[in-house]
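Worksheet: the structure to be examined is printed underneath.
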Amino acid sequence: SGPNRIELAWEDLSATGDWDSGTPDLDYYRIYRKRGNFLVDTYTELNPDGTHLRWELLAEVPASQTSYIDNDVVRGEAYHYAVTAVDDGSQNTNGIRPGQPLESSKYANRTEVAAFAFAPGAETAQKVRIVPNPYVRKAGDFNFTGDDNKILFVNLPPYCTLNIFTVTGDLVKTIDHSSGSADESWDQVTNANQFVASGVYILQVDEAFDLEKKPMEGSIEKFVIIR
Numbered sequence: 001s002g003p004n005r006i007e008l009a010w011e012d013l014s015a016t017g018d019w020d021s022g023t024p025d026l027d028y029y030r031i032y033r034k035r036g037n038f039l040v041d042t043y044t045e046l047n048p049d050g051t052h053l054r055w056e057l058l059a060e061v062p063a064s065q066t067s068y069i070d071n072d073v074v075r076g077e078a079y080h081y082a083v084t085a086v087d088d089g090s091q092n093t094n095g096i097r098p099g100q101p102l103e104s105s106k107y108a109n110r111t112e113v114a115a116f117a118f119a120p121g122a123e124t125a126q127k128v129r130i131v132p133n134p135y136v137r138k139a140g141d142f143n144f145t146g147d148d149n150k151i152l153f154v155n156l157p158p159y160c161t162l163n164i165f166t167v168t169g170d171l172v173k174t175i176d177h178s179s180g181s182a183d184e185s186w187d188q189v190t191n192a193n194q195f196v197a198s199g200v201y202i203l204q205v206d207e208a209f210d211l212e213k214k215p216m217e218g219s220i221e222k223f224v225i226i227r
């Protein structure tokens, strides 16, 4: 993954022969995508509103191509991909429909770890935002697909410490942001390994540094959680 895009790459199979005859018959690749943080069966994972998450066909690319860039992504959303190989059907001489092209399985050729698009670390901590804000547990599609406890902090400095407090000053969670990106997520679980309660919370961005590890000014933001 990369800044506001996700790049896929796979092995070149164009010279691989048919398993039976040995004749190369790869025609093209199909690229599928599925939104959601959990990699489970197509018909069992649900969106927050109860609808099924399904694999969508993104593209068909020639056999000579071994990479693809997905620019139609949302920061913070989890994406899984599958790349399947489709033959030309010339070696499929038996079966019910001889000559029909055959496609490899999505489930045998899918990513096991979710990919996320991100933005590079910000040059200032004064434009930090919390998404969604307010967070509403029953907001359905307004929350992140397949990960409806997720809160995303965006426009962060490349390196910083995130401290989350209640309005009375109790420390709820400390997060070490060290990826160099502008994004960091939180699953609403506290340092004590419990879900937070509904309320107003304070995000304090401390110990901020740029990519060259030069100190930056921190910031403070408020956000609301309704569980």
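Mapping of the sequence shown onto the numbering used here: position 222 corresponds to residue 222, and the numbering continues sequentially without gaps.
The beta carbon of each residue, even a glycine, is placed where N, CA and C say it ideally should be.
Bear in mind the structure is a predicted one, so any value in this text is a computation, not a measurement.
As summarised for the segment 147-193, the continuous beta strand (DSSP E) elements at least 3 residues long and confined to that stretch are 151-154, 159-166, 171-177 and 184-186, given in chain order.
In the structure shown, F118 adopts extended strand secondary structure according to DSSP, grouped into three states. Inter-residue distance for A125 and T16 is about 51 Å (C-alpha atoms, whole angstroms).
The continuous stretches of beta strand (DSSP E) do not include V113, and DSSP gives it neither H nor E.
Burial check for I226: the Cβ neighbour count within 10 Å stays below 16, so the residue is exposed. Pairing T174 with L162, the inter-Cα distance amounts to about 6 Å.
Boundaries of the beta strand (DSSP E) around G199: G199 to F209. The DSSP-derived three-state label of F195 is strand. Judged by DSSP in its simplified three-state form, F223 adopts strand. It is roughly 10 Å from the alpha-carbon of N94 to the alpha-carbon of Q100. Shown here for V136: same chain residues with a beta carbon closer than 6 Å to its own, the five before and five after excluded, namely I226 in chain order.
The Cβ atoms of E184 and L156 sit closer than 7 Å to each other. In summary, N143 is buried, with 16 or more beta-carbon neighbours lying within 10 Å of its beta-carbon over all protein chains present.
Judged by beta-carbon spacing, L26 lies beyond the 7 Å limit of L8, meaning their Cβ atoms are not closer than that value. Residue range E56 to P62 is occupied by the beta strand (DSSP E) that includes P62.
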